[in-house]
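Protein chains: 2
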Amino acid sequence: MTAYAERMPVTVLLVDDEPLVRAGLRAVLEAQPDISVAGEAADGAAVIPLVRQLRPDVVAMDVRMPLMDGIEATRAVLRTIQDPPKILVVTTFENDEYVYEALRAGADGFLLKRSRPAEIVHAVRLVAEGESLLFPAAVRALAAEYGSSPARAAMERAALTEREAAVLRLMARGLSNAEIATRLVVGTETVKTHVSAVLAKLGARDRTQAVIAAYESGFVTPR
Amino acid sequence: MTAYAERMPVTVLLVDDEPLVRAGLRAVLEAQPDISVAGEAADGAAVIPLVRQLRPDVVAMDVRMPLMDGIEATRAVLRTIQDPPKILVVTTFENDEYVYEALRAGADGFLLKRSRPAEIVHAVRLVAEGESLLFPAAVRALAAEYGSSPARAAMERAALTEREAAVLRLMARGLSNAEIATRLVVGTETVKTHVSAVLAKLGARDRTQAVIAAYESGFVTPR
DNA sequence: CGACGGCTCCCCCGTGCGGGGGAGACGGTC
DNA sequence: GACCGTCTCCCCCGCACGGGGGAGCCGTCG
Numbered sequence: 382m383t384a385y386a387e388r389m390p391v392t393v394l395l396v397d398d399e400p401l402v403r404a405g406l407r408a409v410l411e412a413q414p415d416i417s418v419a420g421e422a423a424d425g426a427a428v429i430p431l432v433r434q435l436r437p438d439v440v441a442m443d444v445r446m447p448l449m450d451g452i453e454a455t456r457a458v459l460r461t462i463q464d465p466p467k468i469l470v471v472t473t474f475e476n477d478e479y480v481y482e483a484l485r486a487g488a489d490g491f492l493l494k495r496s497r498p499a500e501i502v503h504a505v506r507l508v509a510e511g512e513s514l515l516f517p518a519a520v521r522a523l524a525a526e527y528g529s530s531p532a533r534a535a536m537e538r539a540a541l542t543e544r545e546a547a548v549l550r551l552m553a554r555g556l557s558n559a560e561i562a563t564r565l566v567v568g569t570e571t572v573k574t575h576v577s578a579v580l581a582k583l584g585a586r587d588r589t590q591a592v593i594a595a596y597e598s599g600f601v602t603p604r
Numbered sequence: 382m383t384a385y386a387e388r389m390p391v392t393v394l395l396v397d398d399e400p401l402v403r404a405g406l407r408a409v410l411e412a413q414p415d416i417s418v419a420g421e422a423a424d425g426a427a428v429i430p431l432v433r434q435l436r437p438d439v440v441a442m443d444v445r446m447p448l449m450d451g452i453e454a455t456r457a458v459l460r461t462i463q464d465p466p467k468i469l470v471v472t473t474f475e476n477d478e479y480v481y482e483a484l485r486a487g488a489d490g491f492l493l494k495r496s497r498p499a500e501i502v503h504a505v506r507l508v509a510e511g512e513s514l515l516f517p518a519a520v521r522a523l524a525a526e527y528g529s530s531p532a533r534a535a536m537e538r539a540a541l542t543e544r545e546a547a548v549l550r551l552m553a554r555g556l557s558n559a560e561i562a563t564r565l566v567v568g569t570e571t572v573k574t575h576v577s578a579v580l581a582k583l584g585a586r587d588r589t590q591a592v593i594a595a596y597e598s599g600f601v602t603p604r
């Protein structure tokens with residue numbers, strides 16, 4: 382179970398007033414073994430203490446929020462926190478005046494909510510590495526240059542393979558081997574192989590212990 | 382005990398042009414054992430064949446989509462499909478003219494993207510049961526009556542005895558029946574009795590689902 | 001008093017689970 | 001070319017798990 386957490390995964394704090402968007406970002410990002418969501422906030426006003434506490438590498442920050450918007454929150458983080466996290470501004474609209482405001486305020490990147498999961502993942506990895514993503518075009522260019530399967534390279538260094546992670550996620554939802562097989566459109570024997578691999582890698586004796594490890598490690602999260 | 386999957390889970394088709402929203406809805410809905418996402422579509426134009434193929438109970442339909450919008454798609458489904466699925470219109474804005482259009486076109490419900498997960502889940506369950514959700518206020522009222530989180534509500538209704546709770550705690554730490562028996566200084570048959578009671582009360586099919594419910598309800602917590 | 005619920009233990013029985021082994025196909029790396 | 005990792009599928013096999021019964025002991029409560 383020392384799997385992911387050990388090799389310096391990218392930790393992300395999600396800040397968006399819509400739980401659905403947070404859930405989506407979380408689902409997309411947690412699917413990557415080298416990215417983990419450290420926490421969530423529903424408003425910019427809650428960012429400062431959370432950043433202090435969680436020390437995330439990246440903050441995925443919505444622009445429009447009820448109490449404190451993304452611009453104010455970005456300014457507050459950069460002013461208040463020493464060695465601040467990278468700030469990835471998340472927005473709905475292509476040409477959002479607020480986004481440019483946020484970038485002027487010091488945000489490191491720019492991400493459209495309508496982006497494909499691979500692009501979202503890629504954007505998080507890039508800003509974490511210190512790259513700047515100022516325009517959606519840049520995201521696409523970089524994603525294209527990266528190759529057809531962006532996740533592959535990172536996956537190879539991960540403890541769980543892509544397939545094993547998928548199986549673990551379904552295990553953590555309470556699915557039986559047969560149900561997982563149906564869902565993934567493979568045979569039950571294949572699922573058993575993956576389950577055995579997961580158990581071995583997590584040091585779990587049975588699927589219940591594996592699910593516990595998934596919760597304890599943050600691979601899946603309650604709520 | 383024929384727990385969740387048996388009792389006719391609600392199947393949902395997600396139709397939204399934004400992958401992030403689909404991922405969010407999927408994450409929220411799949412967290413419920415009695416709800417499963419049958420498929421996804423990125424545009425209203427793809428809905429008809431998918432509905433024919435998947436026969437979902439509910440279609441969660443975005444209003445604004447590039448090729449065919451939710452109104453047109455709703456009309457198309459109701460006109461084309463015999464015994465059509467319930468249509469739950471998903472929208473970003475509180476007062477969206479398009480939503481009323483969609484409702485006039487025959488949609489069964491109305492859901493704001495900014496809704497809390499519990500509300501989303503509740504809305505899906507209700508339209509699946511034939512209820513209509515025409516206004517957000519109705520959703521909130523019902524959600525409020527329902528309680529904070531579905532899993533918690535299930536736990537509260539469960540009313541585990543002291544012994545059953547003790548057994549569940551140990552289950553959630555990965556112990557086998559034999560180990561729990563040793564720990565509690567009782568026979569394994571006794572543990573099995575308690576485990577069965579826990580499964581029945583939580584509506585879980587096996588110990589893994591019980592442990593998941595324990596985490597989701599906050600009965601046990603990570604870390 | 002009897003009824004009831006919680007805790008304890010017992011039986012039988014089917015099966016899902018997990019370990020062990022092997023194997024073919026594919027895609028990379030060396 | 002050989003090699004390795006992943007994904008896929010197959011076999012056998014033992015056992016823990018979970019469902020279905022039943023039963024005795026002990027409290028509380030009407």
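Which chain is which? The protein sequence lines are A and B, in order.
Start counting at 1 in the first sequence, then tack on 381, and there's your number in our numbering.
Start counting at 1 in the second sequence, then tack on 381, and there's your number in our numbering.
Each residue gets a CB set at the ideal place from its N, CA and C atoms; glycine is no exception.
I need the DSSP call for residue i, collapsed to helix, strand or coil.
i, result
"V567(B)", "coil"
"G490(A)", "strand"
"L469(B)", "strand"
"T392(A)", "strand"
"E421(A)", "strand"
"M446(A)", "coil"
"D398(A)", "coil"
"A373(A)", "Within the shown structure, residues of chain A are numbered from 382 to 604, placing residue 373(A) beyond reach of any answer."
"A553(A)", "coil"
"Y527(A)", "Only weak support exists for where Y527(A) lies, its pLDDT of 30 falling under 50; the value from the coordinates is given anyway. Helix at Y527(A)."
"T602(A)", "coil"
Since I believe residue j is in contact with residue i (beta carbons under 8 Å), could you give me their beta-carbon distance rounded to a whole number of angstroms?
i, j, result
"H575(A)", "V601(A)", "At roughly 16 Å, the Cβ-Cβ gap does not stay under 8 Å, so H575(A) and V601(A) are not in contact."
"V400(A)", "V440(A)", "In the sequence as presented, Val is not what sits at residue 400(A); that position holds Pro. 17 Å between Cβ atoms; not a contact."
"R407(B)", "V418(B)", "5 Å"
"L370(A)", "L435(A)", "Because chain A here runs from 382 to 604, residue 370(A) falls outside it and cannot be looked at."
"T589(A)", "R588(B)", "5 Å"
"G555(B)", "I593(A)", "5 Å"
"P390(B)", "I416(B)", "6 Å"
"E453(B)", "G490(B)", "Wrong, their Cβ atoms sit about 18 Å apart, outside the cutoff."
Measure the alpha-carbon distance for residue i versus residue j and round it to whole angstroms.
i, j, result
"V502(A)", "T392(B)", "28 Å"
"V327(B)", "Y596(A)", "Residue 327(B) lies beyond the stretch modelled for chain B, which goes from 382 to 604, so this question has no answer here."
"H464(A)", "A504(A)", "Before going further, note that residue 464(A) is Asp rather than His in the sequence given. Cα to Cα, D464(A) sits roughly 20 Å from A504(A)."
"L492(B)", "D443(B)", "9 Å"
"A486(B)", "K494(B)", "20 Å"
"I429(B)", "T455(B)", "10 Å"
"L565(B)", "L431(B)", "52 Å"
"D450(A)", "G405(A)", "20 Å"
"E560(B)", "R445(B)", "55 Å"
"V409(A)", "L541(A)", "17 Å"
"V458(B)", "R506(B)", "20 Å"
"R586(B)", "G584(A)", "24 Å"
"V579(B)", "M552(B)", "10 Å"
"A591(A)", "R403(B)", "27 Å"
"A422(A)", "I462(A)", "17 Å"
"A488(A)", "P498(A)", "21 Å"
"E543(B)", "T569(A)", "38 Å"
"P414(A)", "K582(A)", "14 Å"
"V572(A)", "E545(B)", "32 Å"
"A509(B)", "V508(A)", "42 Å"
"T472(B)", "D398(A)", "15 Å"
ask   = What residues in the stretch 555-577 of chain B bring their beta carbon closer than 8 Å to a beta carbon of chain A?
value = For the stretch 555-577 of chain B, the beta-carbon criterion of a distance under 8 Å to any beta-carbon of chain A is satisfied by G555, S557.
request  = Ignoring anything shorter than 3 residues or poking outside the stretch 574-600 of chain A, list the beta strand (DSSP E) runs there in chain order.
outcome  = Within the stretch 574-600 of chain A, no run of beta strand (DSSP E) at least 3 residues long lies entirely inside it.
ask   = Which of the residues in the stretch 395-426 of chain A, read from start to end, lie with their CB under 8 Å from any CB of chain B?
value = Listed in chain order, the positions of the stretch 395-426 of chain A with a beta carbon within less than 8 Å of a beta carbon of chain B are D398, E399, P400, L401, V402, R403, A404, G405, L406, R407, A408, V409.
inquiry  = Under 9 Å, CB to CB, which of the residues in the stretch 580-596 of chain B have a partner in chain A?
reply    = Within the stretch 580-596 of chain B, the qualifying residues are A585, R586, D587, R588, T589, Q590, A591, V592, I593, A594, Y596.
message = At a CB distance below 8 Å, what residues from the stretch 429-448 of chain B approach chain A? Give them in sequence order.
response = In summary, no residue of the stretch 429-448 of chain B has a CB separated from any CB of chain A by less than 8 Å.
task = For the stretch 542-556 of chain B, enumerate the residues whose C-beta is nearer than 8 Å to any C-beta of chain A, in chain order.
result = Taking 8 Å as the Cβ-Cβ cut-off, the stretch 542-556 of chain B approaches chain A at M552, A553, R554, G555, given in chain order.
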